[in-house]
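For the protein sequence lines, the chains are A and B, in the order given.
FYI, the numbering for the first sequence is 2 to 224, going by the numbering used here.
FYI, the numbering for the second sequence is 2 to 224, going by the numbering used here.
Backbone N, C-alpha and C fix where the C-beta goes; we use that ideal spot for every residue, glycine too.
Following: one structure in structure tokens, then a few remarks.
Protein chains: 2
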Amino acid sequence: MKNITLFPLVFVDVALFSVVEDRLGVLLVQRAQEPAQHQWALPGGILKPEIDDNLESTARRVMRSKVSVEIPHLEEVQTFSGPNRDPRGWSVSVLYGALLPYDQVNAVVRNKVEKVDWFDADSPGHALAFDHANHLTMALRVLRNRIRASSPTLPLHLMPEKFTLTELQKTCQSILDKPIDKAAFRRRIDGHPFLEKLTGEMQRGAHAPAQLYRVRDGFAFDV
Amino acid sequence: MKNITLFPLVFVDVALFSVVEDRLGVLLVQRAQEPAQHQWALPGGILKPEIDDNLESTARRVMRSKVSVEIPHLEEVQTFSGPNRDPRGWSVSVLYGALLPYDQVNAVVRNKVEKVDWFDADSPGHALAFDHANHLTMALRVLRNRIRASSPTLPLHLMPEKFTLTELQKTCQSILDKPIDKAAFRRRIDGHPFLEKLTGEMQRGAHAPAQLYRVRDGFAFDV
DNA sequence: AGAATAGTGTCTGTCAGACAGTATCGC
DNA sequence: GCGATACTGTCTGACAGACACTATTCT
Numbered sequence: 002m003k004n005i006t007l008f009p010l011v012f013v014d015v016a017l018f019s020v021v022e023d024r025l026g027v028l029l030v031q032r033a034q035e036p037a038q039h040q041w042a043l044p045g046g047i048l049k050p051e052i053d054d055n056l057e058s059t060a061r062r063v064m065r066s067k068v069s070v071e072i073p074h075l076e077e078v079q080t081f082s083g084p085n086r087d088p089r090g091w092s093v094s095v096l097y098g099a100l101l102p103y104d105q106v107n108a109v110v111r112n113k114v115e116k117v118d119w120f121d122a123d124s125p126g127h128a129l130a131f132d133h134a135n136h137l138t139m140a141l142r143v144l145r146n147r148i149r150a151s152s153p154t155l156p157l158h159l160m161p162e163k164f165t166l167t168e169l170q171k172t173c174q175s176i177l178d179k180p181i182d183k184a185a186f187r188r189r190i191d192g193h194p195f196l197e198k199l200t201g202e203m204q205r206g207a208h209a210p211a212q213l214y215r216v217r218d219g220f221a222f223d224v
Numbered sequence: 002m003k004n005i006t007l008f009p010l011v012f013v014d015v016a017l018f019s020v021v022e023d024r025l026g027v028l029l030v031q032r033a034q035e036p037a038q039h040q041w042a043l044p045g046g047i048l049k050p051e052i053d054d055n056l057e058s059t060a061r062r063v064m065r066s067k068v069s070v071e072i073p074h075l076e077e078v079q080t081f082s083g084p085n086r087d088p089r090g091w092s093v094s095v096l097y098g099a100l101l102p103y104d105q106v107n108a109v110v111r112n113k114v115e116k117v118d119w120f121d122a123d124s125p126g127h128a129l130a131f132d133h134a135n136h137l138t139m140a141l142r143v144l145r146n147r148i149r150a151s152s153p154t155l156p157l158h159l160m161p162e163k164f165t166l167t168e169l170q171k172t173c174q175s176i177l178d179k180p181i182d183k184a185a186f187r188r189r190i191d192g193h194p195f196l197e198k199l200t201g202e203m204q205r206g207a208h209a210p211a212q213l214y215r216v217r218d219g220f221a222f223d224v
């Protein structure tokens with residue numbers, strides 16, 4: 002493996018977030034092999050130029066093969082690189098962030114993984130392998146900045162097909178970890194191009210009926 | 002070069018911006034070698050794991066060796082990747098953005114470069130090599146979003162050591178390519194932690210003297 | 001009736017854009 | 001005085017946070 006010094010290793014890591022019991026969670030895997038065996042890490046893997054169209058494809062393939070998850074939308078966060086961040090040699094790691102509803106993620110242990118589980122995004126409770134603590138910090142920062150700055154479109158990826166505005170607000174609150182005023186929230190998203198009111202469809206309960214919404218077709222991100 | 006299919010090529014490209022005659026300019030090089038010989042491109046080069054500490058070092062080294070420019074601050078924009086974006090094989094290119102005062106850039110033709118010159122950032126007037134037109138578009142978008150959103154700290158990299166608020170405003174206007182109200186601009190940057198008033202130092206001219214400022218020590222970016 | 005949640009009205013402070021006004025220089 | 005630029009005061013409209021209020025359902 003002399004090539005390692007001439008050609009860097011190219012990895013992809015994914016910070017997959019979801020809301021679990023009103024808290025922002027991140028999906029971690031326990032590594033089954035060296036290096037960093039038994040340590041927890043963000044799911045990730047190595048680029049395979051012969052089968053990947055680009056690094057996003059790599060990320061999707063890795064998530065499929067390691068934790069059986071299909072990721073619709075990925076967002077690049079940052080690139081990490083250097084000779085010492087991975088013991089196998091000079092490496093480049095491109096970090097992606099993603100959001101998915103908790104119940105859509107049927108995380109299953111696959112190859113090279115001992116366990117898969119959700120952890121609190123702000124304090125996973127484990128030392129992470131490699132420089133993944135940095136990765137997680139950066140992914141969190143980008144995610145929260147997005148939700149705060151641009152109107153709260155992003156968490157739409159976390160919603161089920163039909164949802165109420167209150168549910169959307171609670172999701173935002175869980176991500177930001179602080180309460181949001183109801184009136185202000187509704188003013189801000191009022192008339193948002195990607196929110197479609199399902200006229201006539203209401204959610205019932207032991208209270209006034211709540212208007213249901215869905216994500217409009219063609220919803221995409223792109224800054 | 003069978004390795005090309007196993008190990009991707011890792012490049013770094015740099016979109017170096019400056020204000021030239023009240024317009025936002027970008028530094029381009031004309032390639033002296035295949036591929037894309039004679040075409041204009043963003044300055045860039047290949048990672049050398051044996052001498053680079055990380056990809057930012059690669060970017061600095063490349064700018065030094067190809068166009069004789071020292072870059073103090075680099076910002077990662079995006080990663081481009083795939084089998085076809087460069088004829089030499091499966092490649093990854095990490096794009097960085099940078100700002101530097103026009104007169105500090107003593108761009109000199111060095112190895113693998115025929116010419117170096119500044120072009121209008123919005124319409125360079127040349128078809129760019131590889132996917133560098135995309136690169137330029139993304140770098141521009143990130144740069145302008147930064148200046149608009151976060152308070153206008155960024156263009157501080159474009160200022161000489163001492164400058165007036167009017168000069169800073171004109172720089173912002175050149176980057177955004179639209180006028181800014183003077184009072185609003187001054188209100189926004191008033192008391193900014195990185196702006197230091199040089200009490201007593203004034204710029205004279207055929208008009209009222211203008212207060213000089215400088216960038217406070219320890220100025221850094223970090224979102 | 002009472003609990004719970006949905007949804008709205010309104011006050012207030014902040015801030016950006018717009019624009020005009022005053023101040024200070026060289027000539 | 002005149003031209004030019006520096007700098008400030010103020011009005012207005014947009015908008016977010018705070019908070020209270022009404023409305024509608026189930027039990």
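Within-8 Å CB hit, residue i to chain A
i, result
"B:S82", "yes"
"B:W91", "yes"
"B:V30", "no"
"B:E1", "Residue 1 of chain B lies beyond the range of chain B shown here (2 to 224); nothing can be said about it."
"B:L233", "Nothing about residue 233 of chain B can be reported from this structure: the residues present for chain B run from 2 to 224 only."
"B:V95", "yes"
"B:V11", "yes"
Within-8 Å CB hit, residue i to chain B
i, result
"A:F131", "no"
"A:P156", "no"
"A:A150", "yes"
"A:V15", "no"
Presumed contact (8 Å Cβ cut-off) between residue i and residue j, rounded CB distance
i, j, result
"A:I47", "A:L10", "6 Å"
"B:V103", "B:S19", "The residue asked about is misnamed: residue 103 of chain B is Tyr in this sequence, not Val. Right, the Cβ-Cβ distance comes to about 4 Å (below 8 Å), so this counts as a contact."
"A:A122", "A:V27", "4 Å"
"A:G45", "A:V21", "No, A:G45 and A:V21 are not in contact; Cβ-Cβ is about 21 Å, not under 8 Å."
"B:A16", "B:L96", "7 Å"
"B:K183", "B:D23", "Actually they do not touch by this definition, with Cβ atoms about 16 Å apart."
"A:L56", "B:V93", "7 Å"
"A:A60", "A:G98", "Contact flag wrong, Cβ pair sits at about 10 Å."
Close beta carbons around residue i, own chain, < 8 Å, minus the five adjacent residues each side
i, result
"A:N135", "F81"
"B:L7", "none"
"B:M2", "Confidence in B:M2 is poor, its pLDDT being 45 and thus under 50, which makes the residue's placement unreliable; the coordinate value appears in the next sentence. Hits under 8 Å: G90."
Neighbourhood of residue i by C-beta, 6 Å cutoff - its chain only, sequence neighbours within 5 removed
i, result
"B:I5", "Any answer about B:I5 is weak, because its pLDDT of 47 lies below 50 and its placement is not dependable; what the coordinates show is given next. Only G90 meet the Cβ criterion."
"B:L133", "The question names Leu, yet the displayed sequence has His at residue 133 of chain B. Contacts found: A42, L43."
"B:D223", "At B:D223 the pLDDT is 44, less than 50, meaning the model places this residue with poor confidence and gives no usable figure here."
"B:E202", "L213"
"A:P84", "W91"
"A:L100", "F18, H158, L159"
"A:V78", "L96, G98, M139, A140, V143"
"B:P88", "P36"
Cβ neighbours of residue i in the same chain (closer than 7 Å, five flanking residues each side left out)
i, result
"A:N107", "S69"
"A:Q204", "T165, P210, A211, L213"
"B:L198", "Inspection of the sequence shows that residue 198 of chain B is occupied by Lys rather than by Leu. Around B:K198: Q212, Y214."
"B:R145", "I176, L177"
"A:A37", "A130, F131"
"A:S66", "R111, N112"
"A:R187", "L166"
Near the ligand SAH: residue i beta-carbon under 7 Å from a heavy atom
i, result
"B:F8", "No copy of the ligand SAH appears in this structure; indeed no ligand is present at all."
Short-range partners of chain B found in the stretch 48-68 of chain A, where Cβ spacing is below 7 Å = L48, P50, E51, D54, N55, L56
key: Contact between the stretch 195-215 of chain B and the stretch 162-171 of chain B (3+ Cβ pairs under 8 Å)   = With contact defined as three or more Cβ pairs closer than 8 Å, the stretch 195-215 of chain B and the stretch 162-171 of chain B are in contact.
query = Can at least three beta-carbon pairs, one atom from the stretch 23-36 of chain A and one from the stretch 96-116 of chain A, be found at a separation below 8 Å?
reply = yes
inquiry  = Closer than 9 Å between beta carbons: that is the criterion. Which residues of the stretch 104-129 of chain A meet it against chain B?
reply    = none
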